[in-house]
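Step one of this worksheet: look at the structure below.
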Amino acid sequence: MNIGITCYPSLGGSGVVATELGKLLAERGHNVHFITSSMPFRLGKFHPNIFYHEVEVNHYDVFKYPPYDLTLANRMAQVARNENLDLLHVHYAVPHALCAYLAKQMVGDRLKIVTTLHGTDITVLGYDSSLSDMIRFGIEQSDLVTAVSNDLIRQTKDLLHVNKEIIPVYNFVDKRRYFRKDVQELKKVFAPNGEKILMHISNFRPVKRVPDVVEVFRLVRRQIPAKLMLIGEGPDLCEIRKMILAYGLDQEVYFLGKQEDVAEVISMADVMLLPSEKESFGLVALEAMACGVPVVTTVAGGLPEVVLDGVCGYLCQIGDVETMAKRTLSLLQDKALYDQFSKNSIERSSNTFCHDKIASQYENLYKKLLGREAERTSQPV
Ligand code: GMT
């Protein structure tokens with residue numbers, strides 16, 4: 065198949081999933097064309113059947129706002145014609161589903177549109193009345209719509225009342241790259257006296273509730289020696305630095321910024337903290353599980369579909385930092401329990417969220433949409 069993929073190419077779970085999926089589809093022999101504003105950051109080395117088509121927005125004085133959406137739609141249509149695309153798989157509804165719809169109007173009905181909903185395109189933008197009708201339209205005009213959790217499907221239906229089947233396809237991790245790496249020496253640099261390492265990775269936006277991470281860390285440190293590693297960047301980072309200084313914890317917390325080799329970094333962690341108030345899936349939780357790191361998180365959104373409570377980590381109420389600290393301590397102070405959770409996490413990530421299985425689900429959905437025979441080996445979610 066000739067497949068076009070559009071996503072946000074910079075850091076972010078939806079871009080990671082889109083890029084990793086593209087790589088898997090290319091490994092399966094499909095021609096994959098990324099149509100994005102810059103090279104997707106996870107694309108990495110050269111792949112013989114992966115192509116990158118840059119969306120370049122020209123600036124003209126007549127425009128107060130450069131028309132990125134129209135340029136993207138135009139580029140999608142060009143690539144669809146030139147490369148004979150069978151389908152465009154767009155990740156994140158806004159504006160990608162609408163741009164794909166426009167491209168399809170230009171190219172003709174043979175071009176199919178697959179839209180994957182990732183979370184904030186519904187759970188944040190869906191509340192914005194200046195966008196919500198457009199989002200609903202984009203979803204309803206797509207030929208196939210998937211969402212990364214059942215909870216996100218429920219929220220999409222409740223909020224936007226869309227008249228469209230939405231198919232759940234979970235996110236995945238590539239277990240050939242996501243496993244616990246040997247980072248003993250590296251870990252000593254950050255925790256020279258054998259301190260436990262708590263970790264948080266996010267885009268430091270309010271929905272991630274990063275202040276809760278700091279509160280949990282403070283409570284944990286009252287009981288055991290521990291360090292905190294914060295990975296990523298975003299609008300709340302400044303406030304978090306101030307908070308850590310005010311608590312006198314600056315020698316105990318490491319700010320590592322954006323990281324390329326996430327599996328290596330995660331392998332240093334003892335517990336991953338993800339106290340989000342919204343999270344359609346929580347790719348970071350899955351990445352941690354794949355590396356055998358239990359996750360202490362919340363009941364928000366799709367997280368209960370990823371992290372099984374009392375099996376791979378703990379699900380707590382949003383904002384309940386005392387319980388999160390208690391659960392973190394229970395894991396860190398009981399080696400047998402910790403090892404069991406670690407084993408359960410690896411098993412769950414490699415069974416339920418196996419990269420091959422999820423790639424087959426997408427591939428079979430494409431084939432069905434295009435009227436081609438689906439592989440018999442695939443398992444529905
Ligand atoms: O987490 C974010 O704010 C980034 C956002 C994105 O679009 O990349 O993440 C969303 O998509 C990820 C991949 O499907 C999910 O794992 C995240 O849970 C989801 N974020 C939210 O729902 C807040």
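So the mapping is simple: our numbering equals the position in the sequence shown, first residue as 1, plus 64. Ideal placement from N, C-alpha and C gives every residue a C-beta, glycine not left out. Predicted model, so just to flag it, every value in this text is computed and none were measured.
Not one heavy atom of the ligand GMT sits closer than 7 Å to the Cβ of residue 236. Judged by their CB atoms, residue 359 and residue 332 are not nearer to each other than the 8 Å cut-off. According to the DSSP assignment, residue 255 belongs to no beta strand (DSSP E), since it is labelled neither H nor E. Annotation for residue 290: the continuous beta strand (DSSP E) segment containing it runs 290 to 295. Look at residue 78: its beta carbon is less than 7 Å from one of the heavy atoms in the ligand GMT. By DSSP's assignment, residue 263 forms a beta bridge with 293, 336. Here residue 171 has 141, 144, 145 as same chain residues with Cβ atoms under 7 Å from its own Cβ, once five neighbours each way along the sequence are excluded. In the three-state reduction of the DSSP assignment, residue 232 falls in the strand class, which pools E and B. The C-alpha of residue 387 lies about 39 Å from the C-alpha of residue 228. In this structure the region 388 to 395 does not lie against the region 194 to 212, because fewer than three pairs of beta carbons, one per stretch, are closer than 8 Å. Within the model, the alpha-carbon separation for residue 202 versus residue 318 is close to 42 Å.
The three-state secondary structure of residue 357, taken from DSSP, is coil. If you ignore the 5 residues before and after residue 369, its C-beta comes within less than 7 Å of the C-beta of 213, 214, 215, all in its own chain and listed in chain order.
The C-alpha of residue 280 lies about 16 Å from the C-alpha of residue 303.
If you look at residue 189, you'll find it isn't in any alpha helix (DSSP H); DSSP assigns it neither H nor E. By the neighbour-count criterion, in which a residue is buried when 16 or more other Cβ atoms sit within 10 angstroms of its Cβ, residue 222 is exposed.
DSSP places residue 380 in the uninterrupted beta strand (DSSP E) bounded by 377 to 380. Counting only unbroken stretches of 4 or more residues, the alpha helix (DSSP H) elements lying wholly within the region 140 to 190 are 160 to 171, 184 to 187, in sequence order. Beyond the five residues adjoining it in sequence on each side, residue 160 comes within less than 6 Å, by CB distance, of 70, 154 in the same chain, given in chain order.
Placement of the Cβ of residue 171 at a distance of 7 Å or more from every heavy atom of the ligand GMT is found. When secondary structure is reduced to three states using DSSP, residue 320 falls in the strand class. Of 93, 147, 108, the smallest CA-CA separation from residue 117 is found for 147.
Looking at the DSSP output, residue 66 shares a beta bridge with 95.
179 is the residue among 166, 136, 179, 93 whose C-alpha sits nearest the C-alpha of residue 82. Distances taken from the Cβ of residue 419 to the heavy atoms of the ligand GMT include none shorter than 7 Å. In this structure, residue 271 has its beta carbon less than 7 Å from a heavy atom of the ligand GMT. DSSP, reduced to helix, strand and coil, places residue 119 outside both helices and strands of the structure shown, so it counts as coil. Counting along the chain, residue 210 sits inside the beta strand (DSSP E) bounded by residues 208 to 211.
In chain order, 353, 358, 359, 405, 408, 409, 412 place their CB closer than 7 Å to the CB of residue 376, counting only its own chain and leaving out the 5 sequence neighbours on each side. If you look at residue 426, you'll find it in the alpha helix (DSSP H) that goes 419 to 433. Residue 369: member of the alpha helix (DSSP H) spanning 367 to 370, first to last residue. Between the ligand GMT and residue 190, a heavy atom-to-CB distance of less than 7 Å is absent.
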